[in-house]
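A.B. asks:
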């Protein structure tokens, strides 16, 4: 992990290839960081490097990093590929610790020799590299932001639209082999309000690879879940060794594409990934506890679940609903995904019957599983039923499948608050809880956002909710296999 | 189909059980229709029936329908279950053609005898029934709206949120066995901007069943796609006979839940559906050309695709993208779903190479399939490549996988317009085209909405886009099996 820290916590940054032209990456990147310094997110020194400019964005511009008197921890390199070896030589002489080479034009278009030369120089001086041909790093914590795609897009008919937003602070770190998917993922996470700790697009990874990053993030206290998008992993053994160590500390989720023959062919064109047989990846991920997602949507469903909720002890799910049809769909999805919608028995059944006798639940409520409170459901009914399920030792996780439309959910805010408070007070066993509401109305969005704000992850379809529970179940199952489930859950702290 | 027409085009409506209490279904339903009359969507007569009121919502209220002098085509019944037989007798005497019994309290809670009595009376007089225990009908075309769940929901902290919105006019008709899921589906479709022709929640279906509705909608010219949510179909043979006739005229999509053992058990509690072995449904749907969705999300993905686009001739897909990683994911999803991401060969390959020679495409573009225009992609590159794929006889459908983030997509509106225009001008073979953009930013939403407005259905993840193509492929395959594909496509008219 030598010097990796400098990528993430540099005291000083040089932007080599800083530009005054507003559409150029060398301008956008410098501006991102200058702006973050102004907002006191980035607190270090910034050195624009450009021999043809005296000042850029109000900062003194240096002809070369060798002219900078202070130390440089991190250099961001945004110059034509062919001049990178010369610049890397200067970085070495200046004792720069870490470099992010944004520039493209290396092995991805056949210039292997040039890439090798850059690496050799870096190794000579002990300079670390992320890239080349990458988007680099974004973090809302420290203000590093080397993503250079236009933040706004224009309409020819006038006006513009926010096009490449940055998520807020959060607890997910994301490692992406693909830059374009990285940008799209940030956009998606912004929309889903999933916060970010570190986002790294590592491109051709001639030096720092996914395993190195995994190791670093494994030690990072604010990273609670790690997402990895890859098409092929080069150093498989190293990756597995590190993943196995990290995966008992925090969940790792991988979206590995190039699964099919045609997909693998496309991956070769894209990242020259020698994808290898998919079964090998499948087995390797399983062995080292990496939870694999098989679609983009599941990837993010898993992440939100795993960052907000503790792992599940087993596969027994309770579904509490006011929508019979949605309950049936949820049950189907559970069964298909290896989750068990167990019958409600013993003590819990008695307690529920008791609620019926006391007219707290309607006489026609179904106290099987799914527990169907029917269209007569009220906030109180949800809370009372939820409490019983939290206390049931035969239940490992709970889905609150509350369609907000029923008249008895009178106040939307009160409903969410009541569930959240009951969870805080009565969830002594740390059972995972997730919520589902269906619809695109302001009310549906409100309910989901409020649950998310209180870290009960919310989803917009029965099957999505079930995939969330599946992730929590798979992670718990892995921890049990490693015999650390109990310890993990005892140490697990809810987000607040 | 005797008298079914009166449910959908009544010249006069009686609301039996009309109420002055604002939270009561009898008030909400009357208000919906009165409001729709004011907006000139419903054009017929409205008769509130309530013996204890003189006027409701400004209308004269009648003690009984027998006191109404004009004819009554449709009666909406919102009174306690036990009084329904008496009211049905009156409906018979008054020669009411059709009734929607909203009231619950029949076979779903064990009152089978009461339900039988109501049906017997209706049969005697030839009155048709939708329901009981249902939400009835909603149509933005004719103003029928018997959905009575609160349209706004309050917050205890103040303010309120739109909670049960109604979609705009459109070309999808939806038949739902579940009322709660029906409401949720309307909410979802409103959010996705999928327009509605008729929405029918039919509840206990003692008379009019899903097959009758299917038959009616099969003849309805504005219904271009039929969605059916069911847990169990009672009259299987009748359903299959009718579905087989309708399915060569327009696509039918079914979400049949209760697929698994636990799901089937839940369905019995919910709608008393004797679900039967899922394989039987699977085979029956296949035989009569009903396209089956296996999740809520796919259900709506399929609907949007099938209502906007023609069926695909075969399974050969072209993917045009600027995001290599997303291209790989899309390819994987295609292969897994029986779609073939064929190599681009012959004439098309030559044309694409030619574009590279002319520097219209970048030299490092990948002209395999997916065609990766890379981060240097521009609107022009997309259009030129799209035109070639439209003309390629080895391609049956096209995915425009354009991540809007690249700088070369300069104007968002111009980009969409260019693709739409090229499609209108060059898509002589009526190949289905869909689009994918990833992200929750205003720019991503704008691009997707604009594509949708022009009936190129848009999706927010690679896998969702592939499911859309899958639906178009499955429908085309079925039409070929029935030997009507050519005829269907020649007669198919794009929405404008």
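Chains as they are written, first to last, in the numbering used here: chain A, 19 to 514; chain B, 19 to 514. We put the CB at the ideal spot given by N, CA and C, even for glycine.
I'd like to check one pair, residue 477/B with residue 319/B: are the Cβ atoms closer than 8 Å?
C.D. replies: The count along the second chain starts at 1 and reaches residue 319/B at position 301. The count along the second chain starts at 1 and reaches residue 477/B at position 459. Result yes, Cβ atoms of residue 319/B and residue 477/B sit closer than 8 Å.
A.B. asks: Between the Cα of residue 353/A and those of 322/A, 387/A, 377/A, spot the shortest distance and give me the residue it belongs to.
C.D. replies: Counting from 1 along the first chain, the entry for residue 353/A is found at position 335. Comparing Cα-Cα distances from residue 353/A to each of 322/A, 387/A, 377/A, the minimum goes to 387/A.
A.B. asks: Measure the C-alpha to C-alpha separation of residue 86/A and residue 28/A and round it to an integer number of angstroms.
C.D. replies: Taking the first residue of the first chain as 1, we reach residue 86/A at position 68. Taking the first residue of the first chain as 1, we reach residue 28/A at position 10. So the two alpha carbons sit approximately 16 Å from each other.
A.B. asks: Looking at residue 22/B: is its Cβ nearer than 8 Å to the Cβ of residue 247/B?
C.D. replies: On the second chain, position 4 is the one that residue 22/B refers to. On the second chain, position 229 is the one that residue 247/B refers to. It is not a contact, given that the beta carbons lie outside the stated cut-off.
A.B. asks: Assuming residue 349/B and residue 280/A make a contact with CB atoms under 8 Å, what is their CB distance in whole Å?
C.D. replies: Numbered from its first residue, the second chain carries residue 349/B at position 331. Numbered from its first residue, the first chain carries residue 280/A at position 262. Rounded, the Cβ-Cβ distance is 5 Å, consistent with contact.
A.B. asks: Quick check: the stretch 464-473 of chain A against the stretch 212-219 of chain B, are there 3 or more CB pairs under 8 Å?
C.D. replies: As far as the Cβ criterion goes, the stretch 464-473 of chain A does not touch the stretch 212-219 of chain B, which means the pair count is below three.
A.B. asks: DSSP three-state call for residue 154/B: helix, strand or coil?
C.D. replies: Locating residue 154/B in the second chain gives position 136, counting from the first residue. Residue 154/B: strand per DSSP, three-state reduction.
A.B. asks: Nearest to residue 165/A by CA position, among 409/A, 124/A, 120/A, is which residue?
C.D. replies: Residue 165/A sits at position 147 when you count from the first residue of the first chain. Of the candidates 409/A, 124/A, 120/A, the one whose C-alpha sits nearest the C-alpha of residue 165/A is 120/A.
A.B. asks: Can you tell me whether residue 519/A is helix, strand or coil according to DSSP?
C.D. replies: Residue 519/A lies beyond the stretch modelled for chain A, which goes from 19 to 514, so this question has no answer here.
A.B. asks: Contact between the stretch 390-405 of chain B and the stretch 126-146 of chain A is defined here as three or more beta-carbon pairs at a separation below 8 Å; is this criterion met?
C.D. replies: Contact fails: fewer than three Cβ-Cβ distances are below 8 Å.
A.B. asks: Count the other CB atoms, across all protein chains shown, that sit within 10 Å of the CB of residue 423/A; report buried if there are 16 or more and exposed otherwise.
C.D. replies: Here residue 423/A corresponds to residue number 405 of the first chain, with the count starting at 1. Label assigned to residue 423/A: buried.
A.B. asks: Apart from the five residues on each side of it in sequence, which residues of its chain come closer than 6 Å, Cβ to Cβ, to residue 500/A?
C.D. replies: Against the first chain, residue 500/A aligns to sequence position 482. Correct list, in chain order: 266.
A.B. asks: Quick one: grab the DSSP three-state call for residue 215/A.
C.D. replies: Translated into positions along the first chain, residue 215/A becomes position 197. DSSP places residue 215/A in strand when its eight states are reduced to three.
A.B. asks: Answer with yes or no whether the minimum CB distance from residue 164/A to chain B is below 8 Å.
C.D. replies: Reading the first chain from its first residue, position 146 is the one you call residue 164/A. No - not a single Cβ of chain B is within 8 Å of the one on residue 164/A.
A.B. asks: Does the stretch 301-312 of chain B come within contact of the stretch 340-348 of chain A, defined as at least 3 CB pairs closer than 8 Å?
C.D. replies: No, they do not touch.
A.B. asks: Consider the Cβ of residue 513/A: report whether some Cβ of chain B lies at a distance smaller than 8 Å.
C.D. replies: One-based indexing of the first chain puts residue 513/A at position 495. With 8 Å as the cut-off, residue 513/A does not count as an interface residue toward chain B.
A.B. asks: Could you check the C-alpha separation between residue 255/B and residue 231/B for me, to the nearest Å?
C.D. replies: Here residue 255/B is taken as the residue at index 237 of the second chain, counted from 1. Here residue 231/B is taken as the residue at index 213 of the second chain, counted from 1. Spanning the two alpha carbons is a distance of roughly 15 Å.
A.B. asks: Got a sec: which bits of the stretch 243-262 of chain B sit with their beta carbon under 7 Å from any beta carbon on chain A, in order along the chain?
C.D. replies: Listed in sequence order: 247, 249.
A.B. asks: List the residues of chain A that residue 516/B touches, going by C-beta distances under 9 Å, in chain order.
C.D. replies: In the structure as shown, chain B starts at 19 and stops at 514, and residue 516/B therefore has no counterpart that could be examined.
A.B. asks: Whose C-beta lies closer than 7 Å to the C-beta of residue 512/A among residues of the same chain, with five residues either side of it excluded?
C.D. replies: What you label residue 512/A is simply residue 494 of the first chain in a count that begins at 1. Closer than 7 Å at Cβ, skipping near neighbours: 473.
A.B. asks: Whole alpha helix (DSSP H) runs in the stretch 329-365 of chain B with 4 or more residues, listed along the chain?
C.D. replies: Counting only runs of 4 or more, we get 342-354.
A.B. asks: Starting from residue 487/B, follow the alpha helix (DSSP H) in both directions and report where the run begins and ends.
C.D. replies: Translated into positions along the second chain, residue 487/B becomes position 469. Its alpha helix (DSSP H) spans residues 480-499.
A.B. asks: Once DSSP output is grouped into helix, strand and coil, what is the label at residue 122/B?
C.D. replies: The residue given as residue 122/B occupies position 104 in the second chain. It is coil, neither helix nor strand.
A.B. asks: Return yes when the Cβ of residue 198/B is within less than 8 Å of the Cβ of residue 458/A, no when it is not.
C.D. replies: As a first step, residue 458/A is located in the first chain; it is residue number 440 there, counting from the start. As a first step, residue 198/B is located in the second chain; it is residue number 180 there, counting from the start. No; because the gap between Cβ atoms is not below 8 Å, this pair is not in contact.
A.B. asks: Under a three-way DSSP split, which group does residue 134/A fall into?
C.D. replies: What you label residue 134/A is simply residue 116 of the first chain in a count that begins at 1. In the structure shown, residue 134/A sits in a helix (DSSP, three-state: H, G or I).
A.B. asks: Beta-carbon separation of residue 160/A and residue 317/A under 8 Å?
C.D. replies: In the first chain, residue 160/A corresponds to position 142, counting from 1. In the first chain, residue 317/A corresponds to position 299, counting from 1. Result no, Cβ atoms of residue 160/A and residue 317/A do not sit closer than 8 Å.
A.B. asks: Can you name the start and end residues of the alpha helix (DSSP H) that residue 16/B belongs to?
C.D. replies: Nothing in the structure corresponds to residue 16/B, since chain B is present only between 19 and 514.
A.B. asks: Tell me residue 79/A's beta-bridge partners as DSSP assigns them.
C.D. replies: Reading the first chain from its first residue, position 61 is the one you call residue 79/A. Its beta-bridge partners do not exist; DSSP assigns none.
A.B. asks: Chain B partners of residue 347/A, CB-CB under 7 Å?
C.D. replies: The sequence position of residue 347/A within the first chain is 329, counting from 1. Here the neighbours are 275, 314.
A.B. asks: Closest to residue 456/A by C-alpha separation, out of 374/B, 97/B, 183/B, would be which residue?
C.D. replies: As a position in the first chain, residue 456/A is number 438, starting the count at 1. The candidate whose alpha carbon is nearest that of residue 456/A is 183/B.
A.B. asks: Which of the three DSSP states is assigned to residue 196/A in this structure?
C.D. replies: In the first chain, the residue the question calls residue 196/A occupies position 178. Coil.
A.B. asks: To the nearest angstrom, how far is it from the Cα of residue 191/B to the Cα of residue 224/B?
C.D. replies: To locate residue 191/B, count along the second chain from 1; it is residue 173. To locate residue 224/B, count along the second chain from 1; it is residue 206. Looking at the two C-alpha atoms, the distance is approximately 21 Å.
A.B. asks: Let's see if you can read the secondary structure: which residues bound the alpha helix (DSSP H) around residue 263/B?
C.D. replies: As a first step, residue 263/B must be located in the second chain, where it is residue number 245. Counting along the chain, the alpha helix (DSSP H) containing residue 263/B begins and ends at 254-264.
A.B. asks: Could you work out which residue in 40/A, 56/A, 92/A is closest to residue 65/A when comparing CA atoms only?
C.D. replies: Indexing the first chain from 1 puts residue 65/A at position 47. Ranking the options by Cα distance to residue 65/A, first place goes to 92/A.
A.B. asks: Can you tell me whether DSSP reads residue 66/A as helix, strand or coil?
C.D. replies: The residue given as residue 66/A occupies position 48 in the first chain. In this structure, residue 66/A counts as strand in the three-state DSSP scheme.
A.B. asks: Just how far apart, CA to CA, sit residue 72/A and residue 181/B?
C.D. replies: By one-based count along the first chain, residue 72/A stands at place 54. By one-based count along the second chain, residue 181/B stands at place 163. For residue 72/A and residue 181/B, the distance between alpha carbons rounds to 58 Å.
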